[in-house]
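Novice:
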Amino acid sequence: MTTFKRIREVFYVLQDKESYFAEINSKQSNRLIFKQLLIICLFGFIYGLVMGSYHSALQALVAGLKMMVLFITTLLICFPSFFIIQQVLGSKMSFRKMVGIVLSGFVLASTITLSFVPVIIFFQITGNNYHFLQLLHVVVFIFAGFFGMKLILEALKFACDKKNVYPQIGVTVFKVWIVILAFVGIQLSWNLRPFLGDKNEDFKLFRKYQGNFYTAIVYSFDQLFSGQNAEEYDSNKTETNQPAAEQKDTADFSYFLED
């Protein structure tokens with residue numbers, strides 16, 4: 059019970075942001091950072107597990123592990139440059155405080171992605187369309203990422219306005235850093251693919267490096283809508299190409315109805 063209560067501290071940011079930010083800025087807690095990393099890894103693994111289950115149990119396990127690697131590696135690549143630039147700009151925040159704030163955004167993002175798991179499962183069972191699911195996951199990540207970065211921005215503004223330990227220009231620089239973070243995350247996810255896995259293909263740990271994320275999204279849109287048009291065309295073609303005798307019977311039947 060005590061352990062569960064301690065883990066819940068990570069989610070106080072969802073209830074009272076100002077109190078949570080004040081706690082981060084007043085304490086240098088390695089324990090809080092550890093709990094944040096634990097939540098990010100756990101929620102990322104569960105989401106990846108559901109994502110990969112579309113293909114197979116093995117793909118589910120691998121996708122779960124890849125999601126953990128994606129979150130943590132993106133942080134490790136991007137955070138050092140962000141922290142150093144903030145120090146150059148005059149930030150008085152310690153390393154651990156800055157880590158705590160950035161991780162708070164990732165906690166929120168991973169929580170939002172986890173909340174979409176029932177929706178993902180529903181479409182995997184009822185829709186069963188690879189390209190649609192691929193685009194759905196992209197939308198979920200964009201949605202979750204937006205609110206995660208928004209939370210970090212609010213924390214930095216709080217540190218600037220209320221605590222006077224963070225420069226105003228640093229808030230502007232953070233918006234640029236968001237773009238860098240997004241590009242790193244996209245490129246890394248492309249290198250780690252597949253996450254979802256096409257049912258028509260055998261299991262692959264990694265795919266050959268070809269194309270890029272953006273052309274893949276355009277291709278998925280094209281396949282999704284052209285696939286629907288093709289199905290409609292095939293359906294109409296089947297109706298128009300019915301046997302002549304069958305067409306004649308239909309015409310005769312219509313004649314009697316008119317009488």
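According to the working numbering, the sequence shown holds residues 59 to 317 in order. In this text, a Cβ means the ideal position worked out from N, Cα and C, and glycines have one as well.
Would you mind stating whether valine 242 and isoleucine 135 have Cβ atoms separated by less than 7 angstroms?
Specialist: Indexing the sequence shown from 1 puts residue 242 at position 184. Indexing the sequence shown from 1 puts residue 135 at position 77. In this structure, isoleucine 135 lies closer than 7 angstroms to valine 242 by Cβ.
Novice: If you draw a straight line from the alpha carbon of alanine 121 to that of leucine 107, how long is it in whole angstroms?
Specialist: Locating residue 121 in the sequence shown gives position 63, where the first residue counts as 1. Locating residue 107 in the sequence shown gives position 49, where the first residue counts as 1. Approximately 6 angstroms, taken between the alpha carbons.
Novice: In terms of alpha-carbon separation, which member of Ile210, Thr230, Ser168, Gln117 lies closest to isoleucine 143?
Specialist: Position 85 of the sequence shown, counting from 1, holds the residue named residue 143. Checked all of Ile210, Thr230, Ser168, Gln117; the closest Cα to isoleucine 143 is Thr230.
Novice: Could you give the residue range of the alpha helix (DSSP H) that holds proline 336?
Specialist: What is shown of the chain runs 59 to 317, which leaves residue 336 out entirely.
Novice: Decide if lysine 150 is buried, meaning its Cβ has at least 16 other Cβ atoms within 10 Å, or exposed.
Specialist: What you label residue 150 is simply residue 92 of the sequence shown in a count that begins at 1. Lysine 150 comes out exposed.
Novice: Could you pull out every residue in the same chain whose Cβ sits closer than 6 angstroms to the Cβ of valine 175, ignoring the five residues on either side in sequence?
Specialist: The residue you call residue 175 lines up with position 117 of the sequence shown. Excluding sequence neighbours, valine 175 sits near Val108.
Novice: Straight-line CA distance for isoleucine 275 to proline 138?
Specialist: For the purposes of this step, residue 275 is taken as residue 217 along the sequence shown, with counting starting at 1. For the purposes of this step, residue 138 is taken as residue 80 along the sequence shown, with counting starting at 1. Roughly 30 angstroms separates the two Cα atoms.
Novice: Checking 7 angstroms against the spacing of the C-beta atoms, do serine 168 and isoleucine 104 come in under that value?
Specialist: Start at 1 with the first residue of the sequence shown, and residue 168 comes out as number 110. Start at 1 with the first residue of the sequence shown, and residue 104 comes out as number 46. No; because the gap between Cβ atoms is not below 7 angstroms, this pair is not in contact.
Novice: Out of Asn249, Asp219, His113, which has the shortest C-alpha to C-alpha gap to valine 127?
Specialist: In the sequence shown, residue 127 corresponds to position 69, counting from 1. Cα-wise, what sits closest to valine 127 is Asn249.
Novice: Indicate the three-state DSSP secondary structure (helix, strand or coil) for lysine 318 in the structure shown.
Specialist: Lying before the first or after the last residue shown, residue 318 is absent from the chain, which here runs from 59 to 317.
Novice: So, at 8 angstroms on beta carbons, what are the nonlocal neighbours of lysine 185 in its own chain, with the 5 sequence-adjacent residues on each side left out?
Specialist: The count along the sequence shown starts at 1 and reaches residue 185 at position 127. It is glycine, not lysine, that sits at residue 185 in the sequence shown. The residues are Leu191.
Novice: With a 10 Å radius around its C-beta and 16 neighbouring C-beta atoms as the bar for buried, classify leucine 214 as buried or exposed.
Specialist: Taking the first residue of the sequence shown as position 1, residue 214 is located at position 156. Label assigned to leucine 214: buried.
Novice: Do you know whose CA, among Leu263, Leu172, Leu209, Ser278, lies nearest serine 114's CA?
Specialist: Numbered from 1 along the sequence shown, position 56 holds the residue referred to as residue 114. Ranking the options by Cα distance to serine 114, first place goes to Leu263.
Novice: How would you call valine 177, buried or exposed, if buried means at least 16 neighbouring beta carbons within 10 angstroms?
Specialist: Taking the sequence shown and counting its residues from 1, the one referred to as residue 177 is at position 119. When all chains shown are included, valine 177 counts as exposed.
Novice: Just verifying my parser: in three-state terms, what is the DSSP assignment at asparagine 88?
Specialist: Translated into positions along the sequence shown, residue 88 becomes position 30. Looking at asparagine 88 - three-state DSSP - the assignment turns out to be helix.
Novice: If I'm right that leucine 166 touches glycine 206 with Cβ under 8 angstroms, what's the distance once you round it to whole angstroms?
Specialist: The residue you call residue 166 lines up with position 108 of the sequence shown. The residue you call residue 206 lines up with position 148 of the sequence shown. Correct: roughly 5 angstroms between the Cβ atoms.
Novice: Note the first and the last residue of the continuous alpha helix (DSSP H) segment covering methionine 156.
Specialist: Within the sequence shown, numbered from 1, the residue matching residue 156 stands at position 98. Start and end: 153-173.
Novice: How long is the line joining the alpha carbons of phenylalanine 180 and glycine 203, rounded to whole angstroms?
Specialist: For this step, residue 180 is matched to residue 122 along the sequence shown. For this step, residue 203 is matched to residue 145 along the sequence shown. Each residue's alpha carbon lies about 22 angstroms from the other.
Novice: Does the separation of the CB atoms of leucine 282 and histidine 189 fall below 7 angstroms?
Specialist: Residue 282 sits at position 224 when you count from the first residue of the sequence shown. Residue 189 sits at position 131 when you count from the first residue of the sequence shown. Yes. Within cutoff.
Novice: Taking C-alpha atoms, which residue in Ala217, Arg154, Thr171, Gln182 lies nearest to phenylalanine 92?
Specialist: Within the sequence shown, the letter at position 34 stands for residue 92. It is Arg154.
Novice: Here's a check: name, in chain order, each residue in its chain whose Cβ is nearer than 7 angstroms to the Cβ of leucine 172, leaving out the five neighbours to either side.
Specialist: Here residue 172 is taken as the residue at index 114 of the sequence shown, counted from 1. The residues are Phe101, Ile104, Tyr105.
Novice: Distance check for valine 157 and aspartate 219, CA to CA, integer angstroms please.
Specialist: Start at 1 with the first residue of the sequence shown, and residue 219 comes out as number 161. Start at 1 with the first residue of the sequence shown, and residue 157 comes out as number 99. Rounded to whole angstroms, aspartate 219 to valine 157 spans 19 angstroms at the Cα level.
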